[in-house]
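K.L.:
Protein sequences, first through last, are from chains Z and X. In terms of this note's numbering, the first sequence has 46 at position 46, counting the first letter as 1, and numbering is strictly consecutive. Positions in the second sequence are counted from 1; adding 118 to them yields this note's numbering. Just passing along the structure, written as structure tokens.
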Amino acid sequence: EAGVVQSPRYKIIEKKQPVAFWCNPISGHNTLYWYRQNLGQGPELLIRYENEEAVDDSQLPKDRFSAERLKGVDSTLKIQPAELGDSAVYLCASRRGGGQGRMNTEAFFGQGTRLTVV
Amino acid sequence: DAKTTQPPSMDCAEGRAANLPCNHSTISGNEYVYWYRQIHSQGPQYIIHGLKNNETNEMASLIITEDRKSSTLILPHATLRDTAVYYCIVRVASGGYQKVTFGTGTKLQVIP
Numbered sequence: 001e002a003g004v005v006q007s008p009r010y011k012i013i014e015k016k017q018p019v020a021f022w023c024n025p026i027s028g029h030n031t032l033y034w035y036r037q038n039l040g041q042g043p044e045l046l047i048r049y050e051n052e053e054a055v056d057d058s059q060l061p062k063d064r065f066s067a068e069r070l071k072g073v074d075s076t077l078k079i080q081p082a083e084l085g086d087s088a089v090y091l092c093a094s095r096r097g098g099g100q101g102r103m104n105t106e107a108f109f110g111q112g113t114r115l116t117v118v
Numbered sequence: 119d120a121k122t123t124q125p126p127s128m129d130c131a132e133g134r135a136a137n138l139p140c141n142h143s144t145i146s147g148n149e150y151v152y153w154y155r156q157i158h159s160q161g162p163q164y165i166i167h168g169l170k171n172n173e174t175n176e177m178a179s180l181i182i183t184e185d186r187k188s189s190t191l192i193l194p195h196a197t198l199r200d201t202a203v204y205y206c207i208v209r210v211a212s213g214g215y216q217k218v219t220f221g222t223g224t225k226l227q228v229i230p
């Protein structure tokens, strides 16, 4: 079974430019998360989807960040315009959901996209 | 979600048991204890989780105190590949909407 796939793996852009990250979750996983991880810190949740609905986006800087999950499968996270402080690793994770066992509650993470804004 | 406290770093000799502590004194009755680890340049990886009973799987053992205010992750025979940042998280696991909130974790260095 393929894991969570993210692309690109690395991205370097100039400030004020737009950037987009793509995530393909594990097939059948209803819950999808986007996290941001700054150097030396743990991941911080940006947004959580249950199927195609964004149910927790309280940490998403809505003035410049946007996300979508069309048809409840793939998701994209966009930043426009990017700022120097947006340099971080952006992680996508997915979870099956629907119960308490490990199969339902374990979240699987992708390798992340490392963004450098110069 | 309840807050957790972990030591920032630990060393462990290769082949010895690594015992990683976590305090979660404000844990609620319906919150589980989860452990993830993150090897350099990779995404976090699930290790184990439990509610109140001790748990064991192929990767590790989880010991939860009777009052559930703290827990210990045990890697029985640490290898160099276990060098990583280990995150202890508490959250509701059953139904509803939930999120995983990470702290800064414990950086485990396995020494040859």
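Using N, Cα and C, we set each Cβ at its ideal position, and we do this for glycine too.
1) When the cut-off is 7 Å and only beta carbons count, does Gly-214(X) lie next to chain Z?
2) Does Gln-227(X) come within less than 7 Å of chain Z when only Cβ atoms are used?
3) Quick one: measure Cβ to Cβ for Gly-72(Z) and Glu-52(Z), integer angstroms, because I've assumed they're closer than 8 Å.
4) Decide if Leu-115(Z) is buried, meaning its Cβ has at least 16 other Cβ atoms within 10 Å, or exposed.
5) Going by the DSSP bridge assignment, what does Met-128(X) pair with across the sheet?
6) Within 8 Å, do at least three Cβ pairs link the stretch 153 to 169 of chain X to the stretch 187 to 206 of chain X?
7) Check whether the Cβ atoms of Arg-155(X) and Ala-202(X) lie closer than 7 Å to each other.
8) Using the rule of at least 16 other Cβ atoms within 10 Å of the residue's Cβ for burial, across every protein chain shown, is Gln-41(Z) buried or exposed?
9) In the stretch 27 to 43 of chain Z, which residues sit with their C-beta less than 9 Å from some C-beta in chain X, listed in chain order?
10) Would Met-128(X) and Leu-198(X) be called neighbours here (beta carbons separated by less than 7 Å)?
11) What is the residue span of the beta strand (DSSP E) that Arg-64(Z) lies within?
12) Quick check: what's the CA-CA separation for Thr-174(X) versus Ile-182(X)?
13) Within the same chain, show all residues whose beta-carbon is closer than 7 Å to that of Leu-91(Z), passing over the 5 residues directly before and after it, in chain order.
14) Residues of the stretch 63 to 74 of chain Z with a CB closer than 7 Å to any CB of chain X: list them in chain order, please.
15) State buried or exposed for Ser-146(X), treating a residue as buried only when at least 16 other CB atoms are found within 10 Å of its CB.
16) Over the uninterrupted beta strand (DSSP E) stretch that includes Leu-193(X), give me the two end residues.
17) For Glu-14(Z), does the three-state DSSP call read helix, strand or coil?
18) On the DSSP bridge assignment, give the partners of Asn-24(Z) in chain order.
19) Got a sec: is the Cβ-Cβ distance from Leu-46(Z) to anything in chain X below 7 Å?
20) Return the first residue and the last residue of the beta strand (DSSP E) that Ile-182(X) is part of.
21) Less than 7 Å between the C-beta atoms of Tyr-205(X) and Leu-138(X), yes or no?
P.N.:
The answer reads as follows:
1) Since pLDDT at Gly-214(X) reaches only 48, below the 50 mark, its modelled position is unreliable, and the value read off the structure follows with that caveat. No, Gly-214(X) lies away from the interface with chain Z (no Cβ there is under 7 Å from its Cβ).
2) no
3) 4 Å
4) buried
5) Leu-226(X)
6) yes
7) yes
8) exposed
9) Thr-31, Tyr-33, Tyr-35, Gln-37, Gly-40, Gln-41, Gly-42 and Pro-43
10) no
11) Careful: Arg-64(Z) lies outside any beta strand (DSSP E) and carries neither H nor E.
12) 12 Å
13) Tyr-35, Gln-37, Pro-43, Phe-109, Gly-110 and Gly-112
14) none
15) exposed
16) 188 to 193
17) coil
18) Val-5(Z)
19) no
20) 179 to 182
21) no
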